[in-house]
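Residue numbers (full-length UniProt numbering): 1 to 316. Where is the CB? At the ideal position from N, CA and C, for every residue including glycine. Keep in mind it's a predicted model, so treat the numbers as computed, not measured.
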């Protein structure tokens, strides 16, 4: 039944339906009438797939892809427009991380000649410097899960590289349940991390929660600054109260897995706008940024030790 439906006339994709097209491409029930020379010029894999005349739609040789319509549109945008421009929906001018991820996924599978360019663009979505991190935009923990899987697929999963360090850090921001269940991509497919990557995130998350508490305690050392907006004694009392609650663990919102985020800064702005404490807060985050690779290295050592211990147990 499904096979018969699949071979009926597909729904036209107006973005990629050229009346002078000589090749059909389908994704599910959607059809794309395109040009054979575009396929041949962009990918030897797609060129081979479009050579058979046995399967035809609208009088054209047909290439049937198993990917989602979302991913196939990205594939065709790359083939017709290249990467860097024109690879997003016409109504949306700014590409999101999901756009770059889709490009990598399709470029890698079909060995597009421009696939290395897509790899670079995805890497650059993950900041390599602290100043870039501060001005980042449009990155989420879900994006990180998809990116980690893609970095693995293309063999670019060295955990000492900046893009992998940042992607793992972002993934740590997910609740444990979401980390285990995975994240739905823009095309609706559920993306799950490899079990070893989940273990890395859990261990790194524990270290980040501890670090967030330490950073908060260091931030609220000393008295309030002269910039504090409050009556005499009120600012010092407020700072002392926050510090006491942090040390006692009474404020759970200080214990989180995103110490590089903006939470601490927002608490300072409420009392001490433009203060030295604000400068110190940024310095604490910068120090953590610089230590992330070594924190991840310790996680790797812990995992290796645990695997060794389990091997010894099996050997006994």
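Same chain only: Cβ atoms within 7 Å of residue i, ignoring 5 sequence neighbours per side
i	result
residue 38	79 and 80
residue 302	203
residue 30	10, 11, 13 and 69
Under the three-state DSSP convention, the category residue i falls into
i	result
residue 65	strand
residue 200	helix
residue 39	helix
residue 11	strand
residue 159	coil
residue 88	Bear in mind that a pLDDT of 49 at residue 88, under 50, signals an unreliable position, so the number given afterwards is only what the model happens to contain. In the structure shown, residue 88 sits in coil (DSSP, three-state: anything other than H, G, I, E or B).
residue 82	coil
residue 70	helix
residue 220	coil
residue 112	coil
residue 174	coil
residue 278	helix
residue 138	coil
Paired residues, beta bridge with residue i - DSSP
i	result
residue 27	30 and 65
residue 17	33
residue 56	61
residue 191	183
Endpoints, alpha helix (DSSP H) assigned at residue i
i	result
residue 257	Segment: none, residue 257 is in no alpha helix (DSSP H) and carries neither H nor E.
residue 132	130-134
residue 45	44-49
residue 97	97-109
residue 126	It is not in any alpha helix (DSSP H) - residue 126 carries neither H nor E in the DSSP assignment.
residue 326	For residue 326 there is no data in the structure shown, the boundaries of the chain being 1 and 316.
Residues of its chain near residue i, where Cβ-Cβ distance is below 8 Å and the 5 sequence neighbours each way are ignored
i	result
residue 20	35
residue 98	143, 146, 185 and 186
residue 168	144, 148, 159, 197, 200, 201, 204 and 296
residue 288	211, 215, 259 and 260
Contact with chain D by residue i, beta-carbon distance below 8 Å
i	result
residue 56	In the displayed structure, chain D is absent; only one protein chain is listed.
Contacting residues, own chain, Cβ-Cβ under 6 Å from residue i (five flanking each side not counted)
i	result
residue 91	With a pLDDT of only 47 at residue 91, under 50, the local geometry of the prediction cannot be trusted, and the value read off the model is given with reservation. So the list is empty, once near-sequence residues are dropped.
residue 88	Summary for residue 88: the model assigns pLDDT 49, below 50, so the residue's position carries little reliability, and this model does not support an answer.
Any chance the segment 154-174 sits against the segment 138-146, with 3 or more Cβ pairs inside 8 Å? yes
Could you tell me whether the segment 214-221 touches the segment 276-289, using the rule of 3 or more Cβ pairs below 8 Å? yes
contact_flag[the segment 113-128, the segment 50-60] where n(CB pairs < 8 Å) is 3 or more: no
Below 8 Å, can you find three or more Cβ-Cβ pairs linking the segment 179-187 to the segment 96-112? yes
Tell me, please, whether the segment 60-75 touches the segment 22-29 by the rule of three or more beta-carbon pairs shorter than 8 Å. yes
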